[in-house]
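**Student:** Here the sequence shown is numbered in the working numbering, starting from 53 and rising by one per residue. Cβ atoms here follow ideal geometry from the backbone N, Cα and C, with glycine treated the same way. Can you read through this structure? Questions will come right after.
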Amino acid sequence: MKDLKLTLAILTVAIVWGTTFLSIRVAVETIPGWFVAGIRQFLAAIIMMLILLYRKEFKWIGWNNLKYQLIFSTLMLIVANGMTTVAEERVTSSLASLVSACSPIIVFLGSIAIGLQKFSFRAMTGIILCFSGILFIFWDGLNDLANPEYLLGVIFLFIAIFGWASGTIFTKKLNLQSGNITLNLFYQFIFAGIVQLCFALVFSDDYNFENWSFKSISAMLYLSVFGSVAAFFAFHYALTKISPVQVSILTYFNTIISIFLSWLILNESISAKFLLAAVLIIGGVFIINYTPEMFKRKQIKQ
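The following block contains the structure:
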């Protein structure tokens with residue numbers, strides 16, 4: 053039964069997070085991006101609060117801890133998640149997922165810059181592969197960058213991955229104890245949700261609620277319940293059973309699943325160069341993050 057729970061947790065993370073970019077693309081078809089991001093985080097916060105109330109764990113976390121949670125929320129939810137959502141109003145979900153897959157490279161380079169990691173020949177090989185993949189992504193699309201909307205979407209994607217990388221590096225640098233993860237995440241979600249909804253009211257040109265389709269609303273609810281809550285709990289359950297390095301392998305499957313579903317469901321065009329770019333980027337990230345622990349069966353003792 054324990055192995056079954058672990059298997060379900062791993063499948064949940066791989067599949068649900070693999071469908072995130074597809075769901076965002078469907079949601080922003082009729083709902084402005086900032087509304088999608090804000091409502092997603094706000095509903096996730098409500099779900100987290102209900103869980104905390106049920107467990108009788110809902111409480112004030114103190115100003116010092118709140119400060120850190122707001123920083124995490126700003127970098128990883130408002131900037132990374134929010135800008136990715138807004139970007140998908142202008143670019144395909146497959147492009148968004150593949151560019152986002154480059155974030156570990158930014159994390160690695162940033163970690164070297166502040167002395168958290170050391171540079172190596174293997175790392176240099178991985179970085180070259182990743183940047184080669186980025187070149188292949190835009191090989192046939194240089195003319196598309198002349199389109200202001202497309203260019204803005206690409207810029208938003210790179211802002212998003214820098215936000216995610218900054219949040220990850222910040223976490224590693226401080227090496228904070230996680231404490232009550234659900235409680236911390238509630239504060240992150242509620243702050244991000246309120247800020248993003250304010251952005252939605254300010255920056256959305258047309259937010260006529262009557263134009264929001266059932267399909268887009270369903271995708272947004274899916275992102276709230278499964279993308280932000282269910283996958284999160286599954287991810288942390290998996291971390292209690294296997295090492296973080298082993299769990300990190302799931303990120304490679306997320307990108308593959310996302311690209312496949314974008315082609316299958318949204319009929320997005322996937323060229324041979326795009327597939328080669330995917331292989332180069334995923335391969336480069338794998339080389340940088342590879343450790344022998346990835347394929348060991350030894351589990352963490354609780």
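Going by CA-CA distance only, name the one from F87, I76, A66 that's closest to V254.
**Tutor:** For the residues F87, I76, A66, the minimum Cα distance to V254 belongs to F87.
**Student:** Rounded to the nearest angstrom, what separates L226 and A330 at their Cα positions?
**Tutor:** If you take the alpha carbons of L226 and A330, they lie about 32 Å apart.
**Student:** Helix, strand or coil: which one does DSSP assign to P156?
**Tutor:** Helix at P156.
**Student:** Do three or more CB pairs link the segment 264-279 to the segment 73-84 at distances below 8 Å?
**Tutor:** Yes, they touch.
**Student:** Would you mind listing the alpha helix (DSSP H) stretches within the segment 122-149 that are 4+ residues and don't spill past its ends, in chain order?
**Tutor:** Taking only runs of at least 4 residues, the alpha helix (DSSP H) segments lying wholly in the segment 122-149 are 134-139.
**Student:** For M128, which residues of its own chain have a beta-carbon under 7 Å away from its beta-carbon, when the five flanking residues on both sides are left out?
**Tutor:** Excluding positions up to five away in sequence, the list reads G215, W216, G219.
**Student:** Output the distance between the C-alpha atoms of R142 and I98, rounded to the nearest integer angstrom.
**Tutor:** Looking at the two C-alpha atoms, the distance is approximately 30 Å.
**Student:** Buried or exposed, going by whether 16 or more other CB atoms sit within 10 Å of the CB of T136?
**Tutor:** Buried, by the Cβ-count rule.
**Student:** Do I339 and L203 count as a contact pair if the criterion is CB distance below 8 Å?
**Tutor:** Contact: no.
**Student:** Would you report the Cα separation of A165 and Y304, rounded to the nearest angstrom?
**Tutor:** Cα-Cα distance, rounded: 25 Å.
**Student:** With distances taken from CA atoms, which of I311, I333, I334 is nearest S323?
**Tutor:** Cα-wise, what sits closest to S323 is I311.
**Student:** Assuming V151 and I213 are in contact, meaning their beta carbons sit under 8 Å apart, how far apart are those beta carbons, in whole angstroms?
**Tutor:** Correct: roughly 7 Å between the Cβ atoms.
**Student:** CA-CA distance, S268 and I186?
**Tutor:** The alpha-carbon atoms of S268 and I186 are separated by roughly 30 Å.
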